[in-house]
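Every number in the numbering used here is 39 more than the matching position in the sequence shown, counting from 1. In this text, a Cβ means the ideal position worked out from N, Cα and C, and glycines have one as well. Given the structure is predicted, the values throughout are model-derived calculations rather than measurements. Have a look at the structure below, then the notes.
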Amino acid sequence: MKRLALLFALLPAPLAADVITPGGRTIDCYCTDSAGARVELGQQTCLVVGGRAYMALCDMSLNVPIWRDTGRGCASSGLLERLQRFQPAGQARSVHAPV
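Printed below as a string of structure tokens:
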């Protein structure tokens with residue numbers, strides 16, 4: 040029973056994790072992507088750092104917003120270009136081979 044009471048007492052703790060100034064004002068915590076756009080905590084985006092593209096999660100660590108590498112690569116729209124490189128240059132002709 041004590042464990043259950045402790046569990047319910049600790050459940051609302053993440054809800055009170057906002058940063059509040061002494062004046063009572065809440066400070067918004069968010070990440071900024073490489074283009075300068077605001078990304079909310081918990082959202083994922085594709086970051087390109089040092090020529091490497093990867094999916095990153097906006098998260099908090101020691102009261103500082105950080106980017107965590109999710110270990111996944113970014114979704115690429117270059118698939119069509121790669122497929123076109125493998126297409127034959129000329130038109131394939133049908134072959135009429137009598138059986």
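Please state the DSSP three-state secondary structure of T71. In the three-state reduction of the DSSP assignment, T71 falls in the strand class, which pools E and B.
**OP:** Between the Cα of N102 and those of R64, R91, H135 and L80, spot the shortest distance and give me the residue it belongs to.
**Re:** In terms of Cα proximity to N102, the closest of R64, R91, H135 and L80 is L80.
Given a cut-off of 8 Å, decide if C113 and C85 are closer than it, judged by their beta-carbon atoms. Yes, the Cβ-Cβ distance between C85 and C113 is below 8 Å.
Between P104, G110 and M94, which has its C-alpha nearest S66's C-alpha? This sequence places Ile at residue 66; Ser is not what is there. Ranked by Cα distance from I66, the first of P104, G110 and M94 is P104.
Can you tell me the Cα-Cα spacing of Y93 and Q83, whole angstroms? Going from the Cα of Y93 to the Cα of Q83 covers about 10 Å.
*For L86, name the three-state secondary structure that DSSP assigns.*
Of the three classes helix, strand and coil, the one that applies to L86 here is strand, per DSSP.
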